[in-house]
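Colleague:
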Amino acid sequence: MTQTGALVEALKRALKARNITYAQVARAIALSEASVKRLFSQASFTLKRFDEVCRFAGVDIAELARAAESKEREISQLTLEQERELVGNRKLFLAAVCALNHFTFEQIVQTYDLTEAELVRLLMRLDKLKFIQLAPGNRIRLLVSRTFSWLPDGPIQQFFKTQAQHEFFRTRFDREGELMLFVNAMLSRASAATMIERLKQVANECSRLHEEDVHLPLDRRFGHSLLVAIRPWNIQAFRDLERPRQAGAGVQVRRSAPKK
């Protein structure tokens, strides 16, 4: 991302944190709302316009520059050793997931059986791992990017496969907020690549909505899990029936199983 784009993104976050809408910005700087949206989407501000929006939001460019620099340092994955540490300490893992879900210190203590002193120790460890920054007043500042993900087939994913996936699928997926799709298809490599890109977009949209809902009260936000998977695959029972010359050419079964 360019420096200009990073500053514009920092300004967008500042507006959101202050619950300032594009419509309010438009009225303040005498533009249409569509024009303001275009300024942000295209990062096409003049210095004068950018300064006007900053003054209206009550932030200065130096503050936005620091915020943008901090955002650039955010991590998108933990190391193998760090994931192993989380998996090996259930309470530390819980604190990390709560931080990812933007729980406040008070909300964690109210929701889970942790003392304040115990939670402080856990958060200090996450601070040392550069996963969060524990600010004065026990304020939790997450240091991971919106595209943060667990290591492919790493300790967290292995934990899910061995301990959590049976719980995850222990439902009919027919209640409100639930969905499971199991799709069989014969796809070319190009089509499979297209599907992978679209599934990545779904995951990114889930992350975007997660960030959008951060400012809602906790009783209006609920834990959701989204599982997206696709691979060239054929059921072993079918592969056992393949003729040797047709090995690998049987009915392909691909799975895309999202849950909200």
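For what it's worth, this note's numbering labels the leading residue of the sequence shown as 36, then goes sequentially. C-beta: ideal position from N, C-alpha, C; glycine also.
#1: Report, in whole angstroms, the separation of the C-beta atoms of residue 42 and residue 127, which I expect to be a contact under 8 Å.
#2: Starting from the Cα of residue 248, find the closest Cα among 44, 275, 111 and 138 and give me that residue.
#3: Could you have a look at residue 168 and say whether DSSP puts it in helix, strand or coil?
#4: Where are the alpha helix (DSSP H) runs, 4 residues long or more, that stay fully inside the stretch 57-121, in chain order?
#5: The beta strand (DSSP E) with residue 160 in it runs from where to where?
#6: Residue range of the alpha helix (DSSP H) that residue 175 falls in?
#7: State yes or no: is the C-beta of residue 46 within less than 9 Å of the C-beta of residue 88?
#8: Please go through the same chain and pick out, in chain order, the residues whose beta-carbon is closer than 7 Å to the beta-carbon of residue 241, but skip the five residues on each side of it.
#9: Grab the span of the alpha helix (DSSP H) containing residue 202 for me, first residue to last.
#10: Using 8 Å as the cut-off, can you tell me whether the stretch 228-244 makes contact with the stretch 189-197, which would need three or more C-beta pairs spanning the two stretches below that distance?
#11: If you compare alpha carbons, which of 254, 57 and 129 is closest to residue 76?
#12: Suppose the cutoff is 7 Å on Cβ atoms and the five residues either side in sequence are ignored; what does the same chain contact list for residue 39 look like?
#13: Alpha carbon to alpha carbon, what distance is there between residue 213 and residue 131?
#14: Just reading off the alpha helix (DSSP H) that residue 229 is part of, what are its end residues?
#15: Can you name, in chain order, every residue of its own chain whose Cβ lies under 6 Å from the Cβ of residue 182, other than the five neighbours on each side?
#16: Looking only at its chain, what residues have a beta carbon closer than 6 Å to the beta carbon of residue 72, apart from the 5 residues adjacent to it on each side?
#17: Would you give the residue range spanned by the alpha helix (DSSP H) that residue 190 belongs to?
#18: Where does the unbroken alpha helix (DSSP H) through residue 40 begin, and where does it stop?
#19: How big is the Cα-Cα spacing for residue 209 and residue 123?
#20: Need the endpoints of the alpha helix (DSSP H) that residue 141 sits in, please.
#21: Helix, strand or coil for residue 214? Go by DSSP, reduced to three states.
#22: Pick helix, strand or coil for residue 209, following the three-state DSSP scheme.
Modeller: In brief:
#1: Actually they do not touch by this definition, with Cβ atoms about 35 Å apart.
#2: Measuring from the Cα of residue 248, the nearest candidate turns out to be 138.
#3: In the three-state reduction of the DSSP assignment, residue 168 falls in the strand class.
#4: DSSP runs (the alpha helix (DSSP H)) wholly in the stretch 57-121: 57-64, 68-77, 82-92 and 96-107.
#5: According to the DSSP assignment, residue 160 belongs to no beta strand (DSSP E) but to the alpha helix (DSSP H) extending over 151-163.
#6: In the DSSP assignment, residue 175 falls outside any alpha helix (DSSP H) and within the unbroken beta strand (DSSP E) covering 174-177.
#7: The answer is yes: Cβ separation under 9 Å.
#8: Closer than 7 Å at the Cβ level, and outside the excluded window around residue 241, lie 261.
#9: First-last of the alpha helix (DSSP H) with residue 202: 200-203.
#10: Taking a contact to require three or more Cβ pairs closer than 8 Å, the stretch 228-244 and the stretch 189-197 do not qualify as touching.
#11: Of the candidates 254, 57 and 129, the one whose C-alpha sits nearest the C-alpha of residue 76 is 57.
#12: Same-chain partners within the cutoff: 78.
#13: Taking the straight line joining both Cα atoms gives about 25 Å.
#14: Annotation: the continuous alpha helix (DSSP H) that includes residue 229 extends over 224-247.
#15: Residues of the same chain with a CB within less than 6 Å of the CB of residue 182, apart from the 5 flanking positions on each side, are 111 in chain order.
#16: Correct list, in chain order: 57.
#17: That run of the alpha helix (DSSP H) goes 190-194.
#18: It spans 38-52 - the alpha helix (DSSP H) in which residue 40 sits, taken as one unbroken run.
#19: Cα to Cα, the separation comes out at about 34 Å.
#20: First-last of the alpha helix (DSSP H) with residue 141: 140-146.
#21: It is coil, neither helix nor strand.
#22: Three-state result, residue 209: coil.
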